[in-house]
Amino acid sequence: MKTNLHSSFAYRYRSPGSGISGPVCYAIGQSAQGLVLAGRSRHGICAIFLGEDAAELRGQLSKAFPRLALSEDAGALGRDLDRIIAFLDNGVSDDVIELDIGGTAFQQKVWRALCAIPAGQTRSYTELAQSLSVPAAVRAVGGACAANVLAIAIPCHRIVRSDGSISGYRWGVERKRALLAKEGA
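Position one of the sequence shown corresponds to residue -19 (our numbering), numbered consecutively onward.
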């Protein structure tokens, strides 16, 4: 497991294309950024979704893991959810949050590069593709960002257009703008 020294997360990448083992339990809580859904597999947090509607967040989780049993368990996830909300609201957690990360080999490569972008800085899709030595893969980089199911833990909010303007974000452009402002970007 690789620990990112610049955050409160421990990144555990599964073999590319491998699925999550076991059911996913989840809990929903309130942060300064709205509602937060945290989903946990047997190996760690596998989903962090942001939104304004609990039913919509549950739908996102169901869509992300259509073949798995999902169960709401605020008691089992209380500590994890509190740490995620503390990180979201304050930029720090009192303890390391273990992540369980799937995806394709290319998605994992993009996500690792996103995690290397320091808080308060941004990169364009083009710059990220170039840093990965695949300058023609700008759209694929965008696709990997869109496939991210771990809001804030994999900071796809730090990706902007080539002209520096803020573009789409799975959890809303205004939320992306707020996250970047909070980081000082």
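The beta-carbon is built from N, C-alpha and C at its ideal position, and this holds for glycine as well.
Because the structure is a prediction, the values reported are computed rather than measured.
Straight-line measurement puts the Cα of Val118 at about 6 Å from the Cα of Tyr105. With contacts defined as CB atoms closer than 8 Å, Gln88 and Tyr(-7) qualify as a contacting pair. For Cys125, the enclosing alpha helix (DSSP H) covers residues 118 to 127. Residue burial annotation: Val76 is exposed, with fewer than 16 other C-beta atoms found within 10 angstroms of its C-beta.
By the C-beta density criterion, Lys156 is buried, having at least 16 other C-beta atoms within 10 angstroms. Secondary structure at Val4: strand, using DSSP grouped into helix, strand and coil. Within the region 26 to 91, complete beta strand (DSSP E) segments of at least 3 residues are found at 50 to 52, 77 to 81, given in chain order. No Cβ-Cβ contact shorter than 8 Å links Leu108 with Val129. Counting of Cβ neighbours within 10 angstroms places Pro46 among the exposed residues, the total staying below 16.
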